[in-house]
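Taking it in order: structure first as structure tokens, then the write-up.
Protein chains: 2
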Amino acid sequence: MSKTNFDQTQKDTRERILDAAEQMFMQNGYDGTSMRLVTGVAGVNLAAANYHFGSKEALMQEVLRRRLEVINQERLRLLDEAEARAGGKPLKPSVIVECFFGTLLRVAADQKAGGETFLKLLGRTITDPSSFIRTFMAAEYADVLERYKQALFLSLPNVPKEEIVWRFHFMLGATSYAIAGTDTLHLVTDWQVNEGAVSQSENLLPRLMSFLIGGLRAPLPDTSVAPPAK
Amino acid sequence: MSKTNFDQTQKDTRERILDAAEQMFMQNGYDGTSMRLVTGVAGVNLAAANYHFGSKEALMQEVLRRRLEVINQERLRLLDEAEARAGGKPLKPSVIVECFFGTLLRVAADQKAGGETFLKLLGRTITDPSSFIRTFMAAEYADVLERYKQALFLSLPNVPKEEIVWRFHFMLGATSYAIAGTDTLHLVTDWQVNEGAVSQSENLLPRLMSFLIGGLRAPLPDTSVAPPAK
DNA sequence: CATTAATTCAAACGAACGTTTGAAATCGGG
DNA sequence: CCCGATTTCAAACGTTCGTTTGAATTAATG
Numbered sequence: 185m186s187k188t189n190f191d192q193t194q195k196d197t198r199e200r201i202l203d204a205a206e207q208m209f210m211q212n213g214y215d216g217t218s219m220r221l222v223t224g225v226a227g228v229n230l231a232a233a234n235y236h237f238g239s240k241e242a243l244m245q246e247v248l249r250r251r252l253e254v255i256n257q258e259r260l261r262l263l264d265e266a267e268a269r270a271g272g273k274p275l276k277p278s279v280i281v282e283c284f285f286g287t288l289l290r291v292a293a294d295q296k297a298g299g300e301t302f303l304k305l306l307g308r309t310i311t312d313p314s315s316f317i318r319t320f321m322a323a324e325y326a327d328v329l330e331r332y333k334q335a336l337f338l339s340l341p342n343v344p345k346e347e348i349v350w351r352f353h354f355m356l357g358a359t360s361y362a363i364a365g366t367d368t369l370h371l372v373t374d375w376q377v378n379e380g381a382v383s384q385s386e387n388l389l390p391r392l393m394s395f396l397i398g399g400l401r402a403p404l405p406d407t408s409v410a411p412p413a414k
Numbered sequence: 185m186s187k188t189n190f191d192q193t194q195k196d197t198r199e200r201i202l203d204a205a206e207q208m209f210m211q212n213g214y215d216g217t218s219m220r221l222v223t224g225v226a227g228v229n230l231a232a233a234n235y236h237f238g239s240k241e242a243l244m245q246e247v248l249r250r251r252l253e254v255i256n257q258e259r260l261r262l263l264d265e266a267e268a269r270a271g272g273k274p275l276k277p278s279v280i281v282e283c284f285f286g287t288l289l290r291v292a293a294d295q296k297a298g299g300e301t302f303l304k305l306l307g308r309t310i311t312d313p314s315s316f317i318r319t320f321m322a323a324e325y326a327d328v329l330e331r332y333k334q335a336l337f338l339s340l341p342n343v344p345k346e347e348i349v350w351r352f353h354f355m356l357g358a359t360s361y362a363i364a365g366t367d368t369l370h371l372v373t374d375w376q377v378n379e380g381a382v383s384q385s386e387n388l389l390p391r392l393m394s395f396l397i398g399g400l401r402a403p404l405p406d407t408s409v410a411p412p413a414k
């Protein structure tokens, strides 16, 4: 059909499998996705997946790793930049939150063809019960989380560290759920189902950021006074 | 062995299956849990599950339904009470948030033997990709969500309704993730793994509530000015 | 106690799963 | 062009899955 043959449409097998796996894992979850489905969508032979990745678990890890690597390196770079710009003074909490969560939404949306897909996958993966996923995610996030935790400690010297960690936890939850975008409870009644995902993200970032910073800077609960045990 | 026979330890088959299913679905997810595992843990015959519930999907729905029924009825009751007490005046946002999310944590923690388990299951279920779960949850939550949405609209007359819905969404996410309690990223470094869950919840509620209300009442983002489409 | 209904049980069904195999096809450098 | 390495392929492996079956057992009823 095509007169010229320089349409570089054909990606190599490895990449086709990763893209298909990313999409299927997002749609059906890890356990709900079979290797046959992935290779079928990718248009490659079933055995190719095990040949290139070794196992289904290793495939899942590579799906997550190739994107998280980019995102977390950017997170560290932006935080370094911000700290250098501040010249020793502690950063504003909003800057830290923007570096961490803003990077996620921006980088993932930028990466062509699959950014939105990966965001949803990540949002659903972060509560996955599989132990190998939990272990992998913990290792993949360890460095960047430690860096941001310390930055928040310096940024909020009057807030107990324990409280900061809890609120980081809450921020992660709000973000994960928002980017998962399942809207299981049909709360957002006028959502576009299959399109408009990009414009969704465009509006999502400032909304989410306001919410997160509002929560992070909220008055401390009474419990901080009560003893934790006995 | 036992002289008297009035130890009512032996629950009926149906309930044993539900309890085991709740625990296994929480630990391994829906797809990661087999009927053989559930009936094995319950100590009943494999076929008993299909006899009493018909299918694995129906079993999952009943696991969710029996707890959500209690929680959502209590949510409606408390909101009615609060509105009656206010006598026509709009409720404070913090009261509404407390009725919705506080009820979840309190009722679930009260229900003997399984409250904590169900909380985790619910937190992980709310992002589950299975369509039958999504459909079921949406139906189960429809009434109570609509009631609370309207209450929030009245409570925050100066905040655009669209923004309120988004923030409700964020609050759901923060809560779901917190109660799922996976801590996949090992953020809370000093968490007790297998015990202390109750004391966790005790401290969780006031912390979470402060965060949610802080986020809900945060300054509006700039985006509220920009037009949503073209 | 007899009869009917409800429940439990061991066994089996076909389908789908992740992975492996060994031969065929394709590719890259000399 | 040839040959060793890489990649693709159809086929099959053994296992586990959700569900069904029909007989055996227990419970309920008159």
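From first to last, the protein sequence lines stand for chains A and B.
Per our numbering, the first sequence starts with residue 185, numbered consecutively.
Per our numbering, the second sequence starts with residue 185, numbered consecutively.
We put the CB at the ideal spot given by N, CA and C, even for glycine.
If you draw a straight line from the Cα of V291/A to the Cα of D203/B, it comes to about 43 angstroms. For the region 280–297 of chain B, no residue has a beta-carbon sitting nearer than 9 angstroms to a beta-carbon of chain A. With a cutoff of 8 angstroms on beta-carbon distance, P405/A and P390/B are scored as near each other. Out of L388/B, E206/B, Q245/B, E265/B, the CA that lies nearest to the CA of E324/B is found in Q245/B.
In this structure, F285/A and M355/A form a Cβ contact; the two beta carbons are roughly 7 angstroms apart against a cut-off of 8 angstroms. Residue environment analysis places L400/B among the buried positions, since at least 16 neighbouring C-beta atoms fall within 10 angstroms of its C-beta. The three-state reading of DSSP puts N342/A in coil, since its state is none of H, G, I, E or B. The three-state secondary structure of I397/B, taken from DSSP, is helix. The DSSP assignment places complete alpha helix (DSSP H) segments of no fewer than 4 residues inside the region 230–285 of chain B at 230–237, 240–270, 277–281, in order along the chain. Residues are counted here when their Cβ sits less than 7 angstroms from a Cβ of chain A; for the region 195–222 of chain B these are Q211, N212, G213, D215, G216, given in chain order. The distance from the Cβ of A358/B to that of F395/B is about 6 angstroms, consistent with a contact at the 8 angstroms cut-off. Taking 8 angstroms as the threshold, the shortest C-beta distance from T301/B to chain A does not fall below it. With fewer than 16 neighbouring CB atoms inside 10 Å of its own CB, S218/A falls in the exposed class. Taking a 10 Å sphere around the C-beta of E330/A, we find fewer than 16 other C-beta atoms and assign the residue as exposed. When the alpha-carbon of E258/B is set against those of K240/B, C283/B, A362/B, the nearest one is in C283/B.
Neighbours of S360/B across chain A, judged by C-beta separation under 7 angstroms: G357, Y361.
Between the alpha carbons of T309/B and F316/A lies a distance of about 19 angstroms.
Neighbours of G238/B in chain A, taken as residues whose beta carbon is under 9 angstroms from its own, are absent, since the nearest beta carbon is some 21 angstroms off. Shown here, G365/B sits in coil according to DSSP, grouped into three states, outside any helix or strand.
For I397/B, the nearest CB of chain A lies under 8 angstroms from its own CB, placing it at the interface with that chain. At a cut-off of 8 angstroms between beta carbons, E253/B makes no contact with chain A. No Cβ of chain B is located within less than 8 angstroms of the beta carbon of I348/A. Judged by beta-carbon spacing, N256/B lies beyond the 8 angstroms limit of V349/B, meaning their Cβ atoms are not closer than that value. In this chain, the alpha helix (DSSP H) harbouring T309/B covers 299–309. Note on geometry: alpha-carbon atoms of R318/B and T368/A lie some 5 angstroms from one another.
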